[in-house]
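Here is the structure we will look at.
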Amino acid sequence: MEKPTKRILSGVQPSGDLHLGNYLGAIKNFVSLQKEYECFFCVVDLHAITVWQDPKVLANKTREVTAAFIASGIDPKKNNIFVQSQVPQHAQLGWLFNCVARMGWLNRMTQFKDKAGKNSENVSVGLFSYPTLMAADILIYLATHVPVGDDQKQHLELTRDIAQKFNNDFKTDFFPIPEPLILGEATRVMSLRDGSKKMSKSDPSDYSRIMLTDTAENITQKIKKAKTDPEPLPQDKTGLEKRPEAENLISIFASLQDTSIESVIKDYAGKEFSTFKKDLADLSVSKLEPITSEMNKLMSDVSYIDSILNQGKENAIAVAEPVLQKTKEIIGFLS
Ligand code: AMP
Ligand code: TRP
């Protein structure tokens, strides 16, 4: 089997409206990486159902993530965009990896601890074994690189551990050890209401996040109301880590403008946040509005989106099936 040297896989869950964290931490990077890599972009619905999803809206959310990929600039003809549950090889390899990963490894996953909280006896088994399926998503394509936001770093390390253990146990070098690509100035976008919390789909406050479905007015309002401290913008980066809200807004600005945090600080040194927020709102609207309107346009033509996903599914299966067969052969299953 020919091994790829530059192949990307990444996944986004269809579990709610996409927000600025998803865009800056992941999707925006997918767009720039598509030139250099062979790409597989997966809407991970099997991961989404590790917590309750309303059956009446799940299909639409799945199409919406697809529309967001395309509207952001991922070329659906050159890349493979597909749905995880439509490629059964993911779940099959996921089971095999459940038998490779160790309980102790999964017990250390901070995302599980955060999501389960005090409720750990009552969450689904799937939420606990979530990272083994994520490893399968990646390794079923022998992907070499995985662009993600900073919050997925630990899951990527687990994926590397699974690949390594499988290779060691079966004395093979079949699975690559994939590299994370955590890129840009906004790898961890924080809540607009609390600089110590990640921007997330599950935050109860709408004002904590900017959604890709927000109107220009919503965006401007949310940025205006975003929490800051009373000081003006700093003269340099020193001490910025002690001002999480300021650091967050500056990182968002830098990432949206494709520049560095240093350069944004240089432009706004000593200025009031009211001035900065006005410019940040204008910049956000100018970057996000075209994506939102393209998403809306795409969502009005479901059959187009479904045809992209169908083609993506076929391409994905053509790559995934031989990898699954080879894995089963290595393990010693009858063929
Ligand atoms: P999810 O919505 O959890 O499926 O996440 C999809 C992608 O967005 C992953 O690569 C995450 O790492 C990334 N992501 C999610 N939230 C954030 C955030 N607040 N900041 C940066 N990246 C994020
Ligand atoms: N766990 C990722 C998240 O919540 C989503 C995901 C599932 C993923 N499978 C993946 C990301 C494979 C990268 C590669 O954000």
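Here this note's numbering = 1-based position in the sequence shown + 59. Each residue gets a CB set at the ideal place from its N, CA and C atoms; glycine is no exception.
**Study point:** the ligand TRP heavy atom lying under 7 Å from the CB of M354
**Key:** no
Practice item. Report whether the distance from the Cβ of L242 to the nearest heavy atom of the ligand AMP is below 7 Å. Key: no
Point to revise | Cβ-heavy atom distance, I221 to the ligand TRP, below 7 Å | key: Incorrect: I221 has no Cβ contact closer than 7 Å to the ligand TRP.
Check your understanding: Less than 7 Å between the CB of G70 and some heavy atom of the ligand TRP, yes or no?
Key -> yes
Practice item. Could you name each continuous alpha helix (DSSP H) segment of 4 residues or more that falls completely within the region 307-386, going from the start of the chain to the end? Key: Segments of the alpha helix (DSSP H) lying fully in the region 307-386: 320-327 and 332-358.
Check your understanding: For the alpha helix (DSSP H) that contains S188, what are its first and last residues?
Key -> V184 to L198
Exercise for review: Could you tell me if G176 is buried or exposed, where buried requires 16 or more neighbouring beta carbons within 10 angstroms of its beta carbon?
Suggested key: exposed
Practice item. Give me the Cα-Cα distance between D288 and L308, rounded to the nearest whole angstrom. Key: 12 Å
Check your understanding: Nearest-angstrom Cα distance between S359 and K136?
Key -> 20 Å
Exercise for review: May I have the straight-line CA-CA distance separating E427 from E306, to the nearest angstrom?
Suggested key: Outside the displayed span of the chain (60 to 394) sits residue 427, for which this structure offers no information.
Review point. What is the DSSP secondary structure of M168, counted as helix, strand or coil?
Key: coil
Check your understanding: Would you report the Cα separation of A245 and Q316, rounded to the nearest angstrom?
Key -> So the alpha carbons of these two residues sit roughly 11 Å apart.
Exercise for review: Kindly list the residues whose CB is nearer than 7 Å to the CB of V361, restricted to its own chain and excluding five residues on each side of it in sequence; keep chain order.
Suggested key: Correct list, in chain order: R122.
Practice item. Please name the residue or residues paired with M270 in a DSSP beta bridge. Key: H78
Point to revise | Per-residue DSSP class, three states only, for P303 | key: helix
Point to revise | Exposure of T64, with buried meaning 16 or more beta-carbon neighbours within 10 Å | key: exposed
Practice item. Look up M249 in the DSSP assignment and say whether it is helix, strand or coil. Key: strand
Practice item. Would you mind working out which of G391, Q72 and G84 sits nearest C101, comparing C-alpha positions? Key: Q72
Practice item. Go ahead and label M162 buried or exposed: buried means 16 or more other beta carbons lie within 10 angstroms of its beta carbon, across all protein chains shown. Key: exposed
Review point. Three or more beta-carbon pairs under 8 Å between the region 143-153 and the region 103-119, yes or no?
Key: yes
Exercise for review: Please classify G391: does DSSP put it in a helix, a strand, or coil?
Suggested key: coil
Practice item. Taking T125 as the reference, give the member of F99, F187, I67 and F312 with the closest Cα. Key: F99
Check your understanding: Who does N178 pair with in a DSSP beta bridge?
Key -> None, per the DSSP bridge assignment.
**Study point:** C-alpha distance - F233 paired with Q213, whole-angstrom precision
**Key:** 22 Å
Check your understanding: the ligand TRP heavy atoms versus the CB of D196: any closer than 7 Å?
Key -> yes
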